[in-house]
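To start, the structure itself, in structure tokens.
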Amino acid sequence: MSWGFVFPGQGSQEVGMLRDLAAQEPVIRDCFAEAGEALGLDLWQVVAEGPEADLNRTEITQPALLTASVALWRLWQSRSTLAPTILAGHSLGEYSALVCAGALEFADALRLVNTRGKLMQAAVPAGEGAMAAILGLDDEQVRACCDATSGVVAPANFNAPGQVVISGASAAVDAAIAHCRDAGARRALKLAVSVPSHCSLMTPAATRFADHLSDVSLTPPKIPVVQNVDAQVSEDIDGIRTRLIAQLSEPVRWTDCAAAIVADGVTGILECGPGRVLTGLQKRIDRNITALNIATPESFAATLEETSA
-3 MSWGFVFPGQ GSQEVGMLRD LAAQEPVIRD CFAEAGEALG LDLWQVVAEG
47 PEADLNRTEI TQPALLTASV ALWRLWQSRS TLAPTILAGH SLGEYSALVC
97 AGALEFADAL RLVNTRGKLM QAAVPAGEGA MAAILGLDDE QVRACCDATS
147 GVVAPANFNA PGQVVISGAS AAVDAAIAHC RDAGARRALK LAVSVPSHCS
197 LMTPAATRFA DHLSDVSLTP PKIPVVQNVD AQVSEDIDGI RTRLIAQLSE
247 PVRWTDCAAA IVADGVTGIL ECGPGRVLTG LQKRIDRNIT ALNIATPESF
297 AATLEETSA
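First residue of the sequence shown? That's -3 in the numbering used here, and the numbers climb one at a time after it.
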């Protein structure tokens, strides 16, 4: 089998993530210690003990999830000879993918996503932005509902067939939810997030983030990385930078990213990060592709055994 590794983004975090695995595998705690030193904070304490409100602060969530994914990648490399042929990450997870592909240094990525989170939080005053999950409509129906709404609202994540997240100004999101329900959405509900990601409200954050990204060294990935904004692999550094900046204010085309991975010849997907969000999405996108995860001692052992057979 040929494998692609995928890395989750915000929404996969929870207090206590990787705690059981860390109790058995020192590499997990070592990776968090390295991250804490780079950021000047005890990241593991927030992850292991909370409080949840602290972990869910965007500027903490992003480096915490990045570190969790890199820690699992390092553990996997120490235990398995199976190497992926292609990588992709959902939103923030794109940074995890680039670190694991050797394109971006871990410490640089930590500081970048911490800054990214702060800029995103500052771009829209609290309470003025929102996101909502729309289930049961196709992509074009959701686009049409957003287009029919006054104010800033647009698709933000094309996660799977019949599963789209919209983002924008709070009142516009409320109005788009009503349009989606009228159009026959099975569910249309607001998400518990503080930042309206991947929409035009993030343009000021993207502009400021470009200055920070320009100061960071990137190298060509050793493993191809499919990027969110166009579901393409960019091999040149300028292309990677451009897509990372655009990703802040443009939608995540995850369904297309998953298709691009499969088009590369992949027959199995391994989710390298906490939770099972991307594993679940893959089953909605293409059930013919094996989808596994490694975030617990049990799932890590089972995946190691299955991929070694």
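Each residue gets a CB set at the ideal place from its N, CA and C atoms; glycine is no exception. Since the structure is predicted, the reported quantities are computational estimates derived from the model, not experimental observations.
- Note on Q278: 16 or more other CB atoms within 10 angstroms of its CB, so buried under the neighbour-count rule.
- Residue pairing for P4: DSSP places it in no beta bridge.
- In this chain, G36 is not harboured by any alpha helix (DSSP H), its DSSP state being neither H nor E.
- The Cβ atoms of F3 and S65 sit closer than 8 Å to each other.
- Between the C-alpha atoms of F205 and R112 there is a straight-line separation of about 7 Å.
- A distance below 7 Å between beta-carbons, with the five flanking residues on each side excluded, links G46 to the following residues of its chain, in chain order: V11.
- About 30 Å separates the beta carbons of S245 and A291, which is beyond the 8 Å limit, so they are not a contact pair.
- With a contact defined as Cβ atoms closer than 8 Å, V109 and Q58 qualify at about 4 Å.
- With a threshold of 16 other beta carbon atoms within 10 Å, Q73 falls short and is exposed.
- Rounded to whole angstroms, the separation of the alpha carbons of Q41 and A144 is 46 Å.
- For L39, same chain residues with a beta-carbon under 7 Å away, outside a window of 5 residues either side, are F28, A31, G32, P59, A60 and T63 in chain order.
- Runs of alpha helix (DSSP H) with 4 or more residues, each lying fully within the stretch 57 to 111, are found at 89 to 96, listed in chain order.
- Around the beta carbon of H194, a 10 Å sphere encloses 16 or more other beta carbons of the protein chains shown; the residue is thus reported as buried.
- According to DSSP, K186 shares a beta bridge with A128.
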